[in-house]
Every structure is written in structure tokens, then in C-alpha cells.
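> Mind having a look at this structure? Questions to follow.
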Amino acid sequence: MYGKPNTRRNFEAVGGLLGFVGTSVVAGVLVAAAVTPALGLSGLAATNAITVFENLPDYLKIDQLSQKSNIYATTSTGVPYLLASFYDQNRVEVASDAINQFVKDAATSGEDPRFYDHGGIDLQGTVTGIVTTVATGDVRGGSSITQQYVKNVLVQKCEVLTDTQKKSDCYDAAIAKTPDRKLKEMRLAIGVEKKYAKDDILRQYLNITGFGGTVYGIESAAEYYFGSTAATLTLPQAASLVTIVNNPVKFQLDQPDSETNGAANGYAANKDRRDYILDQMLKYGKINQADHDAAIATAIEPSIHVPSTGCQTAGGSAFFCDLVVNTLQNDPTFGADDTTRMANFRRGGFNVYTTLDLDMQQAAEATMKANVPDTYPGWDVGGVIVSVGVGTGKVLAMTQNKDYSQDPDVPITGSNLTGINYNTNVDQGGSHGFQPGSTYKVFTLAEWLTEGHSLNERVDSRRKANWGTFRDSCATGGTVSFPGYNPKNDSNESGANYSALQSTIGSINTGFIGMAKKLDLCGIRKTAEAFDVTRADGAPLEQGASAVLGTNEVAPLSMAVAFAGIANKGTTCSPIVIDHITGSDGTALAVPQSACHQSVDPNVAAGMTTAMQQVMASGTGSASFKATSPKSPMIGKTGTTDGNKDTWMSGASTTVATVAGVMSVTGDRDQRTTSFNGQQAATARHRMWPDVMSVANAKYPGVAFPAASGAVINAAQVSIPDLRGKSLSQAQSTLESAGFLFVNGGTIDSELPAGVVANTEPGGGASAARGAAVTVRTSNAALVVVPDVSGKREVEARAALSNFTVVKNETDVKDPALVGTVVTTSPPAGSAARPGDAVTIVVGRLAAAGG
Numbered sequence: 005m006y007g008k009p010n011t012r013r014n015f016e017a018v019g020g021l022l023g024f025v026g027t028s029v030v031a032g033v034l035v036a037a038a039v040t041p042a043l044g045l046s047g048l049a050a051t052n053a054i055t056v057f058e059n060l061p062d063y064l065k066i067d068q069l070s071q072k073s074n075i076y077a078t079t080s081t082g083v084p085y086l087l088a089s090f091y092d093q094n095r096v097e098v099a100s101d102a103i104n105q106f107v108k109d110a111a112t113s114g115e116d117p118r119f120y121d122h123g124g125i126d127l128q129g130t131v132t133g134i135v136t137t138v139a140t141g142d143v144r145g146g147s148s149i150t151q152q153y154v155k156n157v158l159v160q161k162c163e164v165l166t167d168t169q170k171k172s173d174c175y176d177a178a179i180a181k182t183p184d185r186k187l188k189e190m191r192l193a194i195g196v197e198k199k200y201a202k203d204d205i206l207r208q209y210l211n212i213t214g215f216g217g218t219v220y221g222i223e224s225a226a227e228y229y230f231g232s233t234a235a236t237l238t239l240p241q242a243a244s245l246v247t248i249v250n251n252p253v254k255f256q257l258d259q260p261d262s263e264t265n266g267a268a269n270g271y272a273a274n275k276d277r278r279d280y281i282l283d284q285m286l287k288y289g290k291i292n293q294a295d296h297d298a299a300i301a302t303a304i305e306p307s308i309h310v311p312s313t314g315c316q317t318a319g320g321s322a323f324f325c326d327l328v329v330n331t332l333q334n335d336p337t338f339g340a341d342d343t344t345r346m347a348n349f350r351r352g353g354f355n356v357y358t359t360l361d362l363d364m365q366q367a368a369e370a371t372m373k374a375n376v377p378d379t380y381p382g383w384d385v386g387g388v389i390v391s392v393g394v395g396t397g398k399v400l401a402m403t404q405n406k407d408y409s410q411d412p413d414v415p416i417t418g419s420n421l422t423g424i425n426y427n428t429n430v431d432q433g434g435s436h437g438f439q440p441g442s443t444y445k446v447f448t449l450a451e452w453l454t455e456g457h458s459l460n461e462r463v464d465s466r467r468k469a470n471w472g473t474f475r476d477s478c479a480t481g482g483t484v485s486f487p488g489y490n491p492k493n494d495s496n497e498s499g500a501n502y503s504a505l506q507s508t509i510g511s512i513n514t515g516f517i518g519m520a521k522k523l524d525l526c527g528i529r530k531t532a533e534a535f536d537v538t539r540a541d542g543a544p545l546e547q548g549a550s551a552v553l554g555t556n557e558v559a560p561l562s563m564a565v566a567f568a569g570i571a572n573k574g575t576t577c578s579p580i581v582i583d584h585i586t587g588s589d590g591t592a593l594a595v596p597q598s599a600c601h602q603s604v605d606p607n608v609a610a611g612m613t614t615a616m617q618q619v620m621a622s623g624t625g626s627a628s629f630k631a632t633s634p635k636s637p638m639i640g641k642t643g644t645t646d647g648n649k650d651t652w653m654s655g656a657s658t659t660v661a662t663v664a665g666v667m668s669v670t671g672d673r674d675q676r677t678t679s680f681n682g683q684q685a686a687t688a689r690h691r692m693w694p695d696v697m698s699v700a701n702a703k704y705p706g707v708a709f710p711a712a713s714g715a716v717i718n719a720a721q722v723s724i725p726d727l728r729g730k731s732l733s734q735a736q737s738t739l740e741s742a743g744f745l746f747v748n749g750g751t752i753d754s755e756l757p758a759g760v761v762a763n764t765e766p767g768g769g770a771s772a773a774r775g776a777a778v779t780v781r782t783s784n785a786a787l788v789v790v791p792d793v794s795g796k797r798e799v800e801a802r803a804a805l806s807n808f809t810v811v812k813n814e815t816d817v818k819d820p821a822l823v824g825t826v827v828t829t830s831p832p833a834g835s836a837a838r839p840g841d842a843v844t845i846v847v848g849r850l851a852a853a854g855g
């Protein structure tokens, strides 16, 4: 049995307590008298009523209440800023001292005046309910607050079920108007009373009960209906809210057009019940006459505060919010699968504090709104901005030029609404990505330096119709070719021998293809992957020659992470959007952490940042650099795709990386011939990127990047081989094997056989930087070697020089043997001259005596 009662001694209380708590024979009789009519309806004999009642379970496991979960950003002063809430039931559970005494007294006075006297069952109310049941065949009335609480707990157990049929069956059983269900509820109520103090039961009742629609619990009800809190409700407000508990559909205050309970009649239905509760509070001494009369005279004036629900309430931060939700759905902390995780999140009362920097976010939203329209006639335009912390992986800002919506009926193209996050991969709720254009060239630069080449090393950067074969260690046979692939440079640059540094500063397409010719295409792809770059659709990165110039569709967030990795001395950190999470009880929960790994050697990263700083100082990124204030050392790379359909600006300081761009979501549009508010669409990136990075530089000032070593900057000096006399093909093969660029300089006059190498520039034996151009010229055999006629008699010399026009000069000699012989020639013997050219011979003559 249940032990002795310990409350009031009046007969009514004794009846209630003895009926369900007492152990005496009298108690058994009272129980039988009270429950037999109900049991009779179930076909049970009155004689075994007590036994059956005793055998019912009295333990009720009380699970955590379903509470709304919140996603916050944090202001620069450390104050949480609510982005969005998620709930199946809009509830915030509060402690007893956070609930106004008016609420507690209104609940007990109106719903269960003998709450503090009975042991879980109000016998007087129960008997009244039984009489009604016998008379009508229906179970009605008589439920104590504890019984109502039990019923709510049973309903809540149903709410967490994910199987639709099981949930429906559970709910039907929990609210069934049957004697069996009522009897079980009574038995469980007694069990609750044995376990919990009265004040705790009342607190839990006020936290669990429904107040209409999705509003549950007194705290959420106070906020929703009056913009208040449970602690600060006025007396008439408290009574009005407790009124709603009695019949939420009939008495709720958010239907101003209702004919029976609306604004026009002063919410008459609620007021009638409210005033009854106020009368009861006066009757039981909870309020005095003056307070009663003032409350009765107070008009009901709800001030509905619709709670935020879902990411659409986060405004310009909605797409970041969407990524947070996606992250939660993939976090095993919240359950075994996506559906369970989201259900647990919506019910668990979690507070999620994100990495979003509101200062940077506000700058991103403002500059996006100012520079990229949400729609454009004939063009499905997309604008993106995303920022990531260097070395932390924290996503600091994320926005796009669309309004967030998860409505399946909204247009998917061309609209100002979308549920697709343009900044992320498909599996993160994103798009299929965009071609990054020349921003992708940084991975070829990384592979170039990794393979031991230098910034000042030159390559063949001439435009050509056929680039021949490329090395590709991932392809069958190890080589691939792309017949007809003939990329041009964006500004029609035509240099033949750009260095890697020049190609980076000027974003020279043919320079990077020339670099790729000396590398492994598979190696370039693996380097991009080392910086955590993937195709947005989840497919493997493509690695053809065109991929070098940025034809893989990637997500802007991927590029921001990669640029942060470059700025972080080659160490890439995976993106995170959650800083910390607390449960409903304030306990900290485990959250996904950023994982960092070395993508390239720090020396290679230093070479990359050396080149990419010059991109910002004097190259294609200078427009963004000049517009940024305050300045920090910054790296960057621009990207423009074929037809100018996508334009990117990607860059970083040593603390923050940002990507800004304007994309063609569907279809094509030449951004250089399109204007937004009188400004070229293609340059919007150079207006948005500085706006965000100016805030970043002011808040997170960067420091100098590490200096690149001389070996990374300067090309190795190599000796040029002597190629004279070799065939042209031999000369080309020899030069290219030595690391030089072969340039055919055509033919020159030479005494060598026609077609063989006559000379090179620089000449054989000289040293030049690896990759330098060496011009090779072949012989046309147009020259003849001047023979050596020194010491010959004049007549013999003339015969030997028959191919030339001989001009004679004389010179005094003292040796008689030299008289009449050739002393010298001009040009000298062994040199080459054209046939018929003049060759001067100097013949000796005897010097005069005494001369």
C-alpha cells in the first residue's frame, strides 16, 4: 500500500488521501466505492477493484521535455544574438522561482483548488467525474493537476515517436476517454506524488502543458501572447494564460478575428474563464479584493510575438544558418541518422553558438545588397561572399544575393528565393558549384614549386594549336593529349617565355599551360585535393589541361578554405560553423572540431604567398587591394571563366580568407557587358571583397607572410650546351632536356653545311636560368671559309682565294725570305665570308736601307 497521509485532516482530504494512499480497511472501502463504477464499465467485478488497482503500474518515467533549440551568433561584446529557433513545441523550461506566483495560484485555484491537500487524486472531483461518466458513458472532469501532468507526460512520450502509425496509436491511448485509461492515470498520479514534492509537480505541470498551437510551457506562452516572461506576468495576464490550458482551441488569444473569442468582443470566451479564475483566487485567499477588482476591469490585450522558427528568420545569415543545421544533421552527437538527429535537435533545448562574426557578416550582407541584385532580367544571377578564419577553420561570414526559403513550391531558377546555398557543396545543402577560373591556378603554382621549379623559371608560353602530350601518372600509359585545345590569354598577352611569377601576377593562361607541360596533371589535381578542394557535386576533380585553368565546378567555401590554407603556411584546416553547444541544462556538448593538415611544405607556401602578394600589389588583384582599408599583408588571385560568366576574387591575410564572386547560376551572361546600377558586373567582386576584408583587417590585423627562399625565387643557372653542327631536332631535344626553351631563330649566313646549327643566343658554354629561351639558328651554307694563305707567294695566294675578290696591300719586311709572300689576310684565315667578298692580302716587301 502507500503509507499514511501527512496533510490536512478534514473529511474531504482524508477521503482523497485514504482513498489512494491509506492502508486501512476503511481506505479499501473508499477506494472500492470510488473506482467500482468505473471498473464496472470495463466488466470488472467490484470485489477485485482494489486488487486490480494495486496491480496497475505506479511508476512514470518522466523524459526530458521537448524544448526549442536556438542557434546564435555572438556580438563583438560577447552577447549572444539569436539567429533562429527550431522546435516541434515552442517551449522553454524554467525553474520554479522564474514563474510568477500569480501563475501558480491561478493554476491551483482554477484547475485544482485542493492540490496541496490530496495525494494525487482529488476524490471529490473524481467522484463528480464518475457520476458524470455513469450518466453519460463518457469520462469527464475530476482530474487533478497531477493527473493532468501525467496525461501530458504520456502525450509527450508519443510526440517523440518517429513512426507515424505508432505515434498515432500512442496518442489515441494517452487521451482515450475510457475508464481503463482514467484508472491508469489515477494510479500513476499517486506514484508521481510519492516521488515529487508538490511545488515540483506544479512547476513541471506549468512547463509541460500546452497553451495553443505549438506553444508549450508558461515561459513560451508569456513571450508569445504578451511579450513577457513567466516571472513578470501581471495578475490578469497570468489568469488569461492559465485559462488557455483548460481548452486551448477555445481560449487561445492569437485568433483576433474569432467571433467567439476575438478582438471585437474583447476575447470574451477567455475573459469569462479568466474572471472565473480570478474569482477562485479571491475565494481561496490568493489575492485581495482590490487586486481582484482591478484585474477583472483589465481588458485582454494580447501582443503576439511569433517566435523565430527555422533559418528563414535569420535574414541575410539564413544560408549560414542552413549550413549549421546541415552540420547538426551530420553530427552523431544528436542521433544515429539524419531524421533522428534533426528530431532530437528540434526537441532537445540545445543552444548552438556559432562561429559567425556579426561585424563581418553585416559588412558582407550590406555590400552584397549594394552590389548584386537578387534578380536580373534574363539572367539567373548569383552573388556569394564567404570568409574563413586562417588556422581556425571558423566560418566568419557567409551570404548570397537571394532570400532563403525551403518552400518546395518556389521557383528554382531566376527567383529571389532559393533554398540552395551557393557557397557550399551539394551534400551541405549547396549547389553543383561554379568554375573558379584562374583562382584555381594557385594549385598548379603549388605543384610547380613542390617539384623544385622556381618563381623566376620560365616556360614556353606561346599560344599554339596543339600543346602535344602531357604527363598524367593517373592515366593509362602515363600521358594524355588534347588535340585542338588552344586557350588564349584573357588580355591577349603574347609573350613566348613568361616566368611562373609573371604568369601568376598577370594570370597568363598559356604560361600556366606551359608550366603544366613540365608537371604531372595528376599531381596538380592531388595538390588541389591536399587543400581540401573537391567538386561541389561530390565527383572526383577532373585533371585535364583545361582543369589547370579552373574548369572544375567547386564551392566558394572550398576555395576560401584553400586560400586560408595557403595563408597558414600551407596548413589547411577544415571549416567549422559551431563554436560550442550547451544542452537544456547548460551542460557543454561535444562539437565537430576543425581538422588541420599540412597541404604543402611551408617553403612552397612561402613561394606561393610571395607571388600572390604581387598579384595584389600590381597584378589582377590590385583593384581589391587598393580599395581595402586598413591594409594588412594580403595574397589573392582573381578568376574569370570563359565568356565572363563567372567572376571571382579570392584572397587572404594571415588571419582571414575571403571569397567574393558573381556567378551565373543557370545560363550564361557576359559580365563585362552587363551593369549593376551603372557599374560593370564583372567588377562587383572588387567592390565586395574589400568591404569585407576591411572589416577583417581592422578586427583581425594580419602580419607579414614568411619570405620565400632564394632557391624558390631564383631559377637554377644551367650551362647552355654547344650545338654548332647539330641538326635542328638534335638541338631542340638537347636544349629541352637541359631545361631550356627552344626558339627557332631561322637561318643565318654560315659556312657550315645547310640545315645544321650555326649558332645559339646565348652561346654555347654560357650560363642561363633554367627555363630561359635559347634561340637557335641554322646554317644556309651561304659563306665560304677564308683559306690560310699566309707564307704563300702572291700568285699562289690569289689562286687559293679564287672565290673572293683579292685586294693587295704591301708592308715592309726585313727578312728577305718574306718578300713577295703573304704576311696576313683580312678577314683572317678560318673566318667565313660570302663568295666574291673582298679579301685583303698583305704582301711583304724589302724595307729600304736604314729604314
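When we follow our numbering, the leftmost residue of the sequence shown carries the number 5, and every step to the right adds one.
Using N, Cα and C, we set each Cβ at its ideal position, and we do this for glycine too.
Taking 8 Å as the threshold, find out whether the stretch 669-682 comes into contact with the stretch 574-588 through three or more Cβ pairs.
no
> State the Cα-Cα distance for the pair His457 and Val716, rounded to the nearest angstrom.
Looking up residue 457 in the sequence shown gives position 453. Looking up residue 716 in the sequence shown gives position 712. Distance between the alpha carbons of His457 and Val716 is about 7 Å.
> Which word fits Gln618, buried or exposed, when buried means at least 16 other C-beta atoms lie within 10 angstroms of its C-beta?
In the sequence shown, the residue the question calls residue 618 occupies position 614. Buried: at least 16 other Cβ atoms inside 10 Å.
> If I measure Cβ to Cβ from Gln333 and keep anything under 6 Å in the same chain, skipping five residues before and after, which residues do I get?
In the sequence shown, the residue the question calls residue 333 occupies position 329. Hits under 6 Å: Asp342, Arg345, Met346.
> Given a threshold of 16 other Cβ atoms within 10 Å of its Cβ, counted over all protein chains shown, does Val29 qualify as buried or as exposed?
Walking along the sequence shown from the start, residue 29 turns up at place 25. No answer about Val29 holds up, because its pLDDT of 36 lies below 50 and its placement is not dependable.
> Rounded to a whole number of angstroms, what is the C-alpha to C-alpha distance between Lys641 and Asn211?
Looking up residue 641 in the sequence shown gives position 637. Looking up residue 211 in the sequence shown gives position 207. Each residue's CA atom was taken as its position, placing Lys641 and Asn211 some 56 Å apart.
> So within the stretch 287-323, which uninterrupted alpha helix (DSSP H) runs reach at least 4 residues, ignoring any that extend past its ends?
293-301
> For the beta strand (DSSP E) holding His856, just list the boundary residues, first then last.
Only positions 5 to 855 of the chain appear in the structure, and residue 856 is not among them; the question remains open.
> Quick one: is His690 buried, meaning 16 or more other Cβ sit within 10 Å of its Cβ, or exposed?
If you number the sequence shown from 1, residue 690 lands on position 686. Answer is buried; the Cβ neighbour count reaches 16.
> What does a CB cutoff of less than 6 Å around Lys445 pick up in its chain, not counting 5 residues either side in sequence?
Here residue 445 is taken as the residue at index 441 of the sequence shown, counted from 1. Closer than 6 Å at Cβ, skipping near neighbours: Phe516.
> Just how far apart, CA to CA, sit Ala294 and Asp176?
What you label residue 294 is simply residue 290 of the sequence shown in a count that begins at 1. What you label residue 176 is simply residue 172 of the sequence shown in a count that begins at 1. Looking at the two C-alpha atoms, the distance is approximately 45 Å.
> Between which two residues does the beta strand (DSSP E) carrying Glu814 extend?
Here residue 814 refers to the residue found at position 810 of the sequence shown. Here the beta strand (DSSP E) through Glu814 covers 809-817.
> Are the Cβ atoms of Val154 and Ala178 separated by less than 7 Å?
If you number the sequence shown from 1, residue 154 lands on position 150. If you number the sequence shown from 1, residue 178 lands on position 174. Going by C-beta atoms, Val154 is not nearer than 7 Å to Ala178.
> Looking at the structure shown, is Arg689 part of a helix, part of a strand, or coil, going by DSSP?
As a first step, residue 689 is located in the sequence shown; it is residue number 685 there, counting from the start. Helix at Arg689.
> Spatial neighbours of Pro306 within its chain, please: C-beta separation below 6 Å, excluding the five flanking residues on both sides.
As a working note, residue 306 is residue 302 in the sequence shown. So the qualifying residues of the chain are Tyr229, Leu257.
> Going straight from the alpha carbon of Gly574 to that of Met653, what length do you get?
On the sequence shown, position 570 is the one that residue 574 refers to. On the sequence shown, position 649 is the one that residue 653 refers to. Looking at the two C-alpha atoms, the distance is approximately 20 Å.
> Ala3 to Leu787, Cα distance in whole Å?
As shown, the chain starts at 5 and ends at 855. That puts residue 3 outside it, with no answer to give.
> Would you mind working out which of Met697, Pro694, Asn355 sits nearest Ile582, comparing C-alpha positions?
Within the sequence shown, the letter at position 578 stands for residue 582. Looking at the Cα atoms, Asn355 is the closest of the given residues.
> Whole angstroms is fine: what's the gap from Leu850's alpha carbon to Val793's?
The residue labelled residue 850 in the question sits at position 846 within the sequence shown. The residue labelled residue 793 in the question sits at position 789 within the sequence shown. Answer to the nearest angstrom: the Cα atoms are 20 Å apart.
> In terms of residue numbering, what span does the beta strand (DSSP E) encompassing Trp452 cover?
Sequence index remark: in the sequence shown, residue 452 carries index 448 (1-based). Taken as a continuous stretch (DSSP letters only), Trp452 belongs to no beta strand (DSSP E), being part of the alpha helix (DSSP H) at 445-454.
> Return the bridge partner residues of Tyr357 from the DSSP annotation.
Position 353 of the sequence shown, counted from the start, is the residue given in the question as residue 357. DSSP output for Tyr357 lists Tyr76, His584 as bridge partner(s).
> Hey, how far is the Cα of Lys796 from the Cα of Arg462?
By one-based count along the sequence shown, residue 796 stands at place 792. By one-based count along the sequence shown, residue 462 stands at place 458. In this model, Lys796 and Arg462 are separated by some 53 Å (Cα to Cα).
> Let me confirm a value: Ala50 is counted as buried when at least 16 other C-beta atoms fall within 10 Å, else exposed. Which label applies?
Here residue 50 is taken as the residue at index 46 of the sequence shown, counted from 1. Residue confidence for Ala50 is low, a pLDDT of 46 falling below 50, so the modelled location carries little weight and cannot support an answer.
> Quick check on Gly320: buried or exposed, where buried means 16 or more other Cβ atoms within 10 Å of its Cβ?
Here the question's residue 320 lines up with position 316 in the sequence shown. Counting Cβ neighbours within 10 Å, Gly320 comes out buried, since at least 16 surround it.
> Kindly indicate the opening and closing residues of the beta strand (DSSP E) around Pro560.
The count along the sequence shown starts at 1 and reaches residue 560 at position 556. Unbroken run through Pro560 is the alpha helix (DSSP H), 560-571; no beta strand (DSSP E).
> Between Tyr380, Asn427, Ala374, Asp411, which has its C-alpha nearest Ile389's C-alpha?
Position 385 of the sequence shown, counted from the first residue, corresponds to residue 389. Among Tyr380, Asn427, Ala374, Asp411, the Cα nearest to that of Ile389 is on Asn427.
> At the level of alpha carbons, what is the spacing between Pro560 and Ile639?
Residue 560 sits at position 556 when you count from the first residue of the sequence shown. Residue 639 sits at position 635 when you count from the first residue of the sequence shown. Near 17 Å, if we compare the C-alpha coordinates of Ile639 and Pro560.
> Helix, strand or coil: which one does DSSP assign to Ser668?
Counted from its first residue, the sequence shown places residue 668 at position 664. Note: Ser668 maps to strand in three-state DSSP.
> Once the 5 residues before and after Gly47 are set aside, which same chain residues still bring their CB inside 7 Å of it?
Along the sequence shown, one-based indexing puts residue 47 at 43. No answer about Gly47 holds up, because its pLDDT of 44 lies below 50 and its placement is not dependable.
> I'd like to check one pair, Ala225 with Val696: are the Cβ atoms closer than 7 Å?
Position 692 of the sequence shown, counting from 1, holds the residue named residue 696. Position 221 of the sequence shown, counting from 1, holds the residue named residue 225. Result no, Cβ atoms of Val696 and Ala225 do not sit closer than 7 Å.
> Run through the stretch 588-648 for me and flag every whole beta strand (DSSP E) of 3 or more residues, listed as ranges in chain order.
600-602, 639-644
> Our contact map puts Asn429 next to Gly527 with C-beta atoms below 8 Å; I'd like the distance itself, whole angstroms only.
Along the sequence shown, one-based indexing puts residue 429 at 425. Along the sequence shown, one-based indexing puts residue 527 at 523. About 24 Å separates the two Cβ atoms, so there is no contact after all.
> Helix, strand or coil: how does DSSP classify Asn211 here?
Taking the first residue of the sequence shown as 1, we reach residue 211 at position 207. Note: Asn211 maps to helix in three-state DSSP.
> In the structure shown, what three-state DSSP assignment does Asp536 receive?
Against the sequence shown, residue 536 aligns to sequence position 532. DSSP places Asp536 in coil when its eight states are reduced to three.
> What is the DSSP secondary structure of Arg351, counted as helix, strand or coil?
The count along the sequence shown starts at 1 and reaches residue 351 at position 347. In the structure shown, Arg351 sits in a helix (DSSP, three-state: H, G or I).
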